[in-house]
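Residue numbers (the numbering used here): 55 to 239.
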């Protein structure tokens, strides 16, 4: 919730909305209403891939609506994946993995996260990130886990945002060229 505001956001798992076929057209319209002027990839994912990822259990997408459920304010996607630590220093690996020096490690991935630029939301990026971290904390309490990681374009504003929110850079993906940041939980 924003400082000085009493507005509450409603966080709805996409999986809940897809339980009935009748809801599919409503869900598709809600997803189609989402625009992300700063990152078309985030818009494209929500419009064209989120439902497929949900149905194949590849990731879980969470939609953040206003308190009236009329406006989609933002969304985030969470998955559990192995991260490649081969080219990460031993000291950084030990820090990330509680002392293990391994080449791969399972972590929670915030795969997609974006605010809707079509609506005047008042939703701050830190709030959206906190919603994602709260979902991950619930999963961690149920099944364990130690790390959250996120991929980030090499844009100063994004790098600064994740650093200010407790993430630490650990490497650049050889496959995608994206910077990878982690946070211990």
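Note that CB positions come from ideal geometry on N, CA and C, so glycine has one too.
Compute the distance between the beta-carbons of residue i and residue j, then report whether it is under 7 angstroms.
| i | j | result |
| --- | --- | --- |
| residue 177 | residue 206 | no |
| residue 203 | residue 161 | yes |
| residue 91 | residue 171 | yes |
| residue 80 | residue 108 | no |
Whole angstroms are fine: how far does the CA of residue j sit from the CA of residue i?
| i | j | result |
| --- | --- | --- |
| residue 57 | residue 105 | Confidence is the limiting factor: at residue 57 the pLDDT is only 40, short of 50, which leaves the residue's position unreliable and the question unanswerable from this model. |
| residue 64 | residue 117 | 8 angstroms |
| residue 230 | residue 66 | 30 angstroms |
| residue 238 | residue 188 | 13 angstroms |
| residue 266 | residue 62 | No information on residue 266 is available, as it lies outside the stretch 55 to 239 that the chain covers here. |
| residue 126 | residue 168 | 11 angstroms |
| residue 190 | residue 112 | 15 angstroms |
Determine the extent of the beta strand (DSSP E) in which residue i is found, giving its start and end residues.
| i | result |
| --- | --- |
| residue 107 | First-last for residue 107: 104-109, but that is the alpha helix (DSSP H), not the beta strand (DSSP E). |
| residue 181 | No beta strand (DSSP E) contains residue 181, which is instead part of the alpha helix (DSSP H) from 179-197. |
| residue 224 | 222-226 |
| residue 201 | 201-206 |
Between residue i and residue j, which are expected to be in contact by the criterion C-beta below 8 angstroms, what is the C-beta distance as a whole number of angstroms?
| i | j | result |
| --- | --- | --- |
| residue 134 | residue 166 | Going by Cβ atoms, the distance from residue 134 to residue 166 rounds to 15 angstroms, so no, they are not a contact pair. |
| residue 201 | residue 235 | About 10 angstroms separates the two Cβ atoms, so there is no contact after all. |
Measuring CA to CA, which of the options is closest to residue i?
| i | options | result |
| --- | --- | --- |
| residue 173 | 119, 215, 73 | 119 |
| residue 145 | 138, 136, 155 | 155 |
| residue 163 | 98, 147, 97, 183 | 183 |
| residue 210 | 198, 223, 199 | 223 |
| residue 225 | 150, 101, 185, 72 | 150 |
| residue 110 | 89, 214, 72, 96 | 72 |
Taking the alpha helix (DSSP H) that residue i belongs to, which residues open and close that run?
| i | result |
| --- | --- |
| residue 140 | Run containing residue 140: none; DSSP gives neither H nor E here. |
| residue 215 | 210-218 |
| residue 232 | That residue, residue 232, is in no alpha helix (DSSP H); it is neither H nor E in DSSP. |
For residue i, verify whether its CB is less than 6 angstroms away from any heavy atom of the ligand NAP.
| i | result |
| --- | --- |
| residue 146 | Among the components modelled here there is no ligand, and therefore nothing to report on the ligand NAP. |
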